[in-house]
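Colleague: According to mature numbering (1 follows the signal peptide of the UniProt record, and there is no 0), the sequence shown holds residues -21 to -1, 1 to 210 in order. Handing you this structure, nothing more for now.
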Amino acid sequence: MRNFVAVLAFLTFGAVFTAHAADEAKPFITAKDVDLSQYLPAPPADDSAQTKAEIAELLAIQAKRTPEQEKAAIADAQENVWRFADVMGPGFDAAKLPKLAAFFDRVVATEDVVDDHAKKYFHRSRPYMVSEELHPLLKKSTSGSWPSGHSTIGYLMATVLGDMVPEKRNALFTRAAGYAENRLVAGFHYRSDTVMSRTGAALMAQKMFEQPEFTREYDAAKAELQAEMAK
């Protein structure tokens, strides 16, 4: 069994498909299989010292962010595996990899339903709801901030892709960390939201790999990807 929880615990401490396609995809697991409210601690209170410190960090990031950083943060608002094309190479394209595309649509759908349950349970306010000095780069969301769904899907996609292509694992996790960091640049999440996402991604990956349906689709997507990369 792949011990993704241990791997991501270590990390913690030491051509685009449309959103509609992902919305229509069937999750591999749901919150009934992985209830993050039972695994994650409660977030810091809005008036806590930690939240105030994190707000200060976000204001500092906001004051220094460059147009290039803003552009990257806005681009990384897309929740799909093709954001990793800069790591995977030119052949990493939805038109060339239909099985991989359909497979990762289901991975995205999985993260959505699992994290949505946790967000509603913890109901942490978004940073810009706490500080009017914060001006997010994207349309404001009223969903919970804990954990960060974008960061979770980034780490989850890096975990699965890294299992398919082990030689790129380190670069994929570096990219996932940048994907998560861009949630701070965008003014959408606290750093602790993104850190907590690593645990959620690890738990989801572990559970997904236990599902026969996931394994069948994973094997087909992996074979397609490796064949394309061998060209």
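Virtual Cβ for every residue (Gly too), placed ideally from N, Cα, C.
Assign tyrosine 197 to buried or exposed, taking buried as 16 or more other Cβ atoms, counted over all protein chains shown, within 10 Å of its Cβ.
Modeller: Buried.
Colleague: When the Cα atoms are used, what is the spatial distance from tyrosine 158 to glutamine 190?
Modeller: Answer to the nearest angstrom: the Cα atoms are 27 angstroms apart.
Colleague: Under a three-way DSSP split, which group does isoleucine 210 fall into?
Modeller: Residue 210 is actually lysine in this sequence, not isoleucine. Looking at lysine 210 - three-state DSSP - the assignment turns out to be coil, as it is neither helix nor strand.
Colleague: I'd like the span of the alpha helix (DSSP H) that includes histidine 102, first residue to last.
Modeller: No alpha helix (DSSP H) holds histidine 102; DSSP gives it neither H nor E.
Colleague: Ignore the nearest five residues each way along the sequence and tell me which others in histidine 114's own chain have a CB closer than 8 angstroms to its CB.
Modeller: Answer for histidine 114: Gln41, Tyr107 and Gly166, listed in chain order.
Colleague: If alanine 183 and glutamate 90 are in contact, beta carbons under 8 angstroms, what's the gap, nearest whole angstrom?
Modeller: It is worth fixing the name first, because residue 183 is methionine in this sequence and not alanine. Confirmed, about 6 angstroms.
Colleague: In angstroms, rounded to a whole number, what distance separates the CA positions of alanine 10 and alanine 4?
Modeller: Spanning the two alpha carbons is a distance of roughly 16 angstroms.
Colleague: Among Glu203, Ala200, Asp84 and Phe101, which one has its Cα closest to the Cα of proline 6?
Modeller: Of the candidates Glu203, Ala200, Asp84 and Phe101, the one whose C-alpha sits nearest the C-alpha of proline 6 is Asp84.
Colleague: Going by DSSP in three states, valine 125 sits in which element: helix, strand or coil?
Modeller: The question names valine, yet the displayed sequence has tryptophan at residue 125. Note: tryptophan 125 maps to coil in three-state DSSP.
Colleague: Is it buried or exposed for glutamate 160, if we count other Cβ within 10 angstroms and need 16 for buried?
Modeller: Answer is buried; the Cβ neighbour count reaches 16.
Colleague: Leaving out five residues on either side along the sequence, give the residues of the same chain with a beta carbon under 8 angstroms from the beta carbon of glutamate 111.
Modeller: For glutamate 111, where only same-chain residues beyond five positions count, there are no Cβ hits under 8 angstroms.
Colleague: Could you tell me the boundaries of the alpha helix (DSSP H) in which alanine 54 lies?
Modeller: Alanine 54 -> alpha helix (DSSP H) spans 46 to 54.
Colleague: For threonine 9, name the three-state secondary structure that DSSP assigns.
Modeller: Three-state DSSP puts threonine 9 in coil, outside helix and strand.
Colleague: Count the CB pairs spanning the region 123 to 140 and the region 44 to 64 that are closer than 8 angstroms, and state whether there are at least three.
Modeller: Yes, the region 123 to 140 touches the region 44 to 64.
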